[in-house]
Amino acid sequence: RRPPVPAEDTVTMTVTYGEYQPHVGDQDALKLTVAAAVQETGQVLAKELLVRLHTPELTLTVTDP
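The working numbering numbers the first residue of the sequence shown as 510 and each following residue consecutively.
Quick look at the structure:
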């Protein structure tokens, strides 16, 4: 028999530009790090995710005065 699949939980976080803007360097990327521990077993898990930010396209329309 296979052991039961561990429970899974999803946590959603909203981070505004004002919060992450001071931490964005010239590369326009963020590194997210998550760490968790299972209380019952003491097992620890850590994951990192690199997110590349893309600037939106800008369209300009010039009109005659």
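The beta-carbon is built from N, C-alpha and C at its ideal position, and this holds for glycine as well. None of the values given here were measured: they were computed from a predicted structure.
Item: L562: which of D537, G527, T525 sits nearest, CA to CA?; Value: D537
Item: Which whole-angstrom value is the C-beta distance of L539 and V520, which I expect to be below 8 Å?; Value: L539 to V520, Cβ: 17 Å. No contact.
Item: Enumerate in chain order the residues of its own chain whose CB-to-CB distance from A545 is below 6 Å, with the five nearest sequence positions on each side excluded.; Value: L554
Item: Which of the three DSSP states, helix, strand or coil, is assigned to E566?; Value: coil
Item: Leaving out the 5 sequence neighbours to the left and right, which residues in its chain are closer than 6 Å to T542 when beta-carbon positions are compared?; Value: E557
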